[in-house]
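S.K.: Starting off with a structure, shown below.
Protein chains: 2
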Amino acid sequence: MDDSIRYLLDLAILLFAAKLFGVAGKKIGIPEVVGEILAGLVVGSAVFGFVKESDFLSKMSEIGVIMLMFEAGLGTNLQELKKSGLKATLIACMGVLVPIALGTLLFMSFYGFDVPGSERFNRGLFIGTIMSATSVSITVAALKELGKLNDRVGTTIVSAAIIDDVIGIIVLTIVTGLSGSAASENVGNVLLKVVLFFAGAIGTGFLVYKGMAWLDRRYSHQRRIPIISLCYCFALAYLAETYFGIADITGAYVAGVVLCNLADRDYIEKRIDISSYMIFAPIFFAGIGLKVSFGAMDTKLIFFSICFVLVALIGKVVGCGGCARLLGFNGKDSLRIGAGMMTRGEVALITAQKGLGVGLLTADFFTAVILLILVSSVITPVILKKLYSGKDPEPQAASGVSGAGQTG
Amino acid sequence: MDDSIRYLLDLAILLFAAKLFGVAGKKIGIPEVVGEILAGLVVGSAVFGFVKESDFLSKMSEIGVIMLMFEAGLGTNLQELKKSGLKATLIACMGVLVPIALGTLLFMSFYGFDVPGSERFNRGLFIGTIMSATSVSITVAALKELGKLNDRVGTTIVSAAIIDDVIGIIVLTIVTGLSGSAASENVGNVLLKVVLFFAGAIGTGFLVYKGMAWLDRRYSHQRRIPIISLCYCFALAYLAETYFGIADITGAYVAGVVLCNLADRDYIEKRIDISSYMIFAPIFFAGIGLKVSFGAMDTKLIFFSICFVLVALIGKVVGCGGCARLLGFNGKDSLRIGAGMMTRGEVALITAQKGLGVGLLTADFFTAVILLILVSSVITPVILKKLYSGKDPEPQAASGVSGAGQTG
């Protein structure tokens, strides 16, 4: 028996399970993406072990999240984005600072306090840094399901998450720099690369937009329009990550923003959406569940992991939600922003990986990171759905957040 | 610089080049698929070397050809299929026998004649066997482009190619069995597996169809219908190849045929079609060109390769076209059937690989096989387009083929 086409069976099982759990989830009132994540958990090594992670599946799921972010970019309202720009930047900053502070405190309250500059303090700082990276893809999917992706709150969340990604890179560079390891990079270099990427993407983006608009006028509603758009998205995602150290999904989002005013925008989005929901997106969501396996842990680590997850979630709600409230968003919208920024994803894992490389983290903490990704991915859509359902009374939510805002 | 997401750039380059060459090809009158194949040749190691073959790309292109065959199955007219069944079987048989005979003769006229049973004869027989495997995917794409996939001739070609695949497995088993190697399989076993696959696929297919029809009545035009259909396609493709030794694309085609009478058939086909043309299909076609690299060859081998390609092409036209003519198809339709069966693909490569394993083939002959795949993939769509354009006068084509029929 030759098992070289095993990936076909993996795809069949994952797509089927994701659809089944997604639909079942919707029936009992939880968002479809949560069902899809749980599907991965169930067919993966955490429960039945039908499907194992593979290089092919991780590439397929990366394409899935890239398509998702490209769609989010395509759906952008440029006016809203400009308006939300400054506020989103402040929200992103607070969403990085508060978790870092809380994460450092958490680590030291478990493993002993120490002065800034000490190794223990730096390790705490790194735990905080892991908490700081929002991964907005799950939130994007949840908001899309609710039809709230492109309003003021949705745009603020997505742009704050993009800015968060950039701040995250800079913070990571600074913190790993503290370790004094050779693997750490120069902060000036990193800043330069960030500036170069956005300057380059906007500069060439203007030309790309002009070219695509010309093509679109001549060949409106022809296949070449969505296909070339997708090529641009893949290329920018690749360039961002490979040459500028910026996440590929940020590149994909920027590509979407560049093309968001094309006449054929909806035509493109429809085709990306179908490609995405037929294969790539379910593989991405189920892939999150697939990553989980429950290894052996000692009691202290289990307790630390639970606290780590709670602090990471609260840190974002307090930091981002509180900042949004101070910036004039109403209570409910501030909570929505805070909750929307709670999701963590592969960026947290990559950060943890870097910490391992420079000796600021030990491998035991990985389970905590994976737990955070899983829990935040599962509860964020549920909470967002609740916050948008209008069932909970406005004043209560508002007071809850303004309180949180004061704490932050 | 980290190049772990190189596959994104590969996808961007391949999709862009495929679209560019496909559109340019169409402008100068050659079918889009030919342009896409040439695009792979140009960006691949044969010319510029921008993109290298990779495991990921070959899996993506496999999914592309599976989707293509699934669509062909979905588009099947069951009445036509039943009507064409017997004729297609006879055409397939002649399309296997004639190339085997001609291939054996070709080999022996280059490398010396010998009696049946001798090693040289067996080697010749194996060269013929390589020629016998039609790969209908390019023809399917070309006929789809021409809008002629589901008429009588199109259905005959596709079903003959499917039957050809089955006969090919049996012949391959017999011929490798002649080598006396341990790698050869028992013919009875192979026959049993073929029978079991089709019996099983038809039996379970009936249940699958009933289940899907029920789902389709309840959830018409919902995403779950095309997604579950695709899962079924992937699963059957996997089962066919892994457990029954039948090509995955045959499994995909059968899955399509099982679902071809669903009320939502067009809804499913549209979504598979979009997923396919946005990414997978161009990667498949460009991937054919990507495989080509012009290595060092001696004069005799070059000359043999050219003759090998010519004989392989003529063998199918004579065998299939001639048989079709004898079965009552008119001259032009017979030529179309003969030309449609000319395409060879990965099955020929897999066959050659098996020959290498049992010692019936040396590695030098691989270039000839790749040349056959490339030439047949490029010229078949061009010839089919010509044969359907109605420019060449009917009587001439008819006399050409009936002559060929007499030769075969």
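Residue numbers (this note's numbering), protein chains in the order written: chain A, 1 to 408; chain B, 1001 to 1408. Backbone N, C-alpha and C fix where the C-beta goes; we use that ideal spot for every residue, glycine too.
1) For the alpha helix (DSSP H) that contains alanine 1018 of chain B, what are its first and last residues?
2) Return the Cβ separation of valine 1317 of chain B and alanine 1339 of chain B in integer angstroms, given the expectation that the two are a contact with Cβ distance under 8 Å.
3) What does the Cβ neighbour count give for glycine 168 of chain A, buried or exposed, with the cut at 16 atoms within 10 Å?
4) If we define contact as Cβ-Cβ less than 9 Å, is cysteine 320 of chain A a contact residue for chain B?
5) Kindly indicate which three-state DSSP category glutamate 1032 of chain B falls into: helix, strand or coil?
6) What separation, rounded to the nearest whole angstrom, lies between the Cα atoms of glutamate 269 of chain A and methionine 1342 of chain B?
7) Considering only the beta carbon of each residue, do phenylalanine 1280 of chain B and serine 1135 of chain B sit closer than 9 Å?
8) I want to verify the contact list: residues of chain B whose CB lies under 8 Å from the CB of arginine 271 of chain A, in sequence order.
9) Going straight from the alpha carbon of glycine 1124 of chain B to that of isoleucine 1370 of chain B, what length do you get?
10) For leucine 1081 of chain B, would you say it is in contact with chain A, using Cβ-to-Cβ distances shorter than 9 Å as the test?
11) Count the other CB atoms, across all protein chains shown, that sit within 10 Å of the CB of alanine 363 of chain A; report buried if there are 16 or more and exposed otherwise.
12) Starting from the N-terminal side, write out each stretch of the alpha helix (DSSP H) that is 4 residues or longer and does not extend beyond the region 148 to 230 of chain A.
13) State the Cα-Cα distance for the pair phenylalanine 285 of chain A and serine 137 of chain A, rounded to the nearest angstrom.
14) For proline 116 of chain A, count the other beta carbons within 10 Å of its own beta carbon; 16 or more makes it buried, fewer makes it exposed. Which is it?
15) Tell me which residues share the same chain as glycine 408 of chain A and place their Cβ nearer than 6 Å to its Cβ, disregarding the 5 neighbours each side in the sequence.
16) Quick one: measure Cβ to Cβ for alanine 1142 of chain B and proline 1031 of chain B, integer angstroms, because I've assumed they're closer than 8 Å.
17) Using a Cβ-Cβ cut-off of 7 Å (strictly less than) and excluding sequence neighbours within five positions of phenylalanine 1304 of chain B, which residues of its own chain qualify?
18) Applying a beta-carbon distance threshold of less than 7 Å, which residues of chain B neighbour serine 31 of chain A?
19) Within 9 Å of any Cβ in chain B, is that where the Cβ of glutamate 145 of chain A sits?
20) For isoleucine 227 of chain A, go through chain B and note every residue whose CB falls closer than 9 Å to its CB, in chain order.
21) Would you check if the region 17 to 25 of chain A and the region 251 to 269 of chain A touch, i.e. whether three or more CB-CB distances between them fall below 8 Å?
22) How would you label lysine 1206 of chain B, buried or exposed, when you count the other beta carbons within 10 angstroms and need 16 or more for buried?
23) Closer than 8 Å between beta carbons: that is the criterion. Which residues of the region 50 to 62 of chain A meet it against chain B?
24) Looking only at its chain, what residues have a beta carbon closer than 8 Å to the beta carbon of glycine 1400 of chain B, apart from the 5 residues adjacent to it on each side?
25) Please say whether glycine 49 of chain A and serine 159 of chain A have beta carbons closer to each other than 9 Å?
26) So, is the C-beta of leucine 1310 of chain B closer than 9 Å to a C-beta in chain A?
27) I'd like to know whether the C-beta atoms of glycine 1256 of chain B and glycine 1075 of chain B end up nearer to each other than 9 Å.
28) So glutamate 1053 of chain B and leucine 1290 of chain B are supposed to be a Cβ contact under 8 Å. How far apart are they, rounded?
29) Which residues in chain B sit within 8 Å of alanine 237 of chain A, going by Cβ to Cβ distance?
30) Would you call the region 1185 to 1194 of chain B in contact with the region 1207 to 1215 of chain B, where contact means no fewer than 3 C-beta pairs closer than 8 Å?
31) Below 8 Å on the Cβ atoms is my guess for threonine 1250 of chain B versus alanine 1235 of chain B; work out the distance and round it to an integer in Å.
32) What three-state label does DSSP hand glutamate 53 of chain A in the structure shown?
33) In angstroms with no decimal places, state the Cα-to-Cα distance between threonine 89 of chain A and proline 1381 of chain B.
34) Do the CB positions of valine 1311 of chain B and glycine 1103 of chain B come within less than 9 Å of each other?
35) With 16 other CB atoms within 10 Å as the buried threshold, where does phenylalanine 1197 of chain B fall?
36) I'd like the list of long-range same chain contacts for phenylalanine 126 of chain A, defined as Cβ closer than 7 Å, with 5 residues on each side in sequence excluded.
M.R.: Quick answer:
1) 1006 to 1027
2) 6 Å
3) buried
4) no
5) helix
6) 39 Å
7) no
8) Ile1274 and Met1278
9) 18 Å
10) no
11) exposed
12) 152 to 178 and 187 to 218
13) 10 Å
14) exposed
15) With a pLDDT of 29 at glycine 408 of chain A, under the threshold of 50, the modelled position of that residue is not reliable, and the figure given next carries that caveat. Counting only Cβ-Cβ distances below 6 Å, and skipping sequence neighbours, we find Val98, Val318, Gly319 and Gly322.
16) 5 Å
17) Phe1110 and Ala1368
18) First, the residue type needs correcting, since residue 31 of chain A is proline and not serine in the sequence shown. Residues of chain B passing the Cβ test: none, with the nearest at roughly 15 Å.
19) no
20) Leu1015, Phe1016, Ala1018, Lys1019, Tyr1277, Met1278, Ile1279 and Pro1282
21) no
22) Correcting the residue type first, residue 1206 of chain B is phenylalanine in the shown sequence and not lysine. The residue in question, phenylalanine 1206 of chain B, is exposed, as its Cβ has fewer than 16 Cβ neighbours within 10 Å.
23) Asp55, Phe56, Lys59 and Glu62
24) Confidence is the limiting factor: at glycine 1400 of chain B the pLDDT is only 36, short of 50, which leaves the residue's position unreliable, though a coordinate-based value still follows. Gly1331 and Leu1335.
25) no
26) no
27) yes
28) 5 Å
29) Ile1005 and Leu1008
30) no
31) Actually they are not in contact, since the Cβ atoms of threonine 1250 of chain B and alanine 1235 of chain B sit about 14 Å apart, beyond 8 Å.
32) coil
33) 55 Å
34) yes
35) buried
36) Val175, Gly355, Leu360 and Leu361
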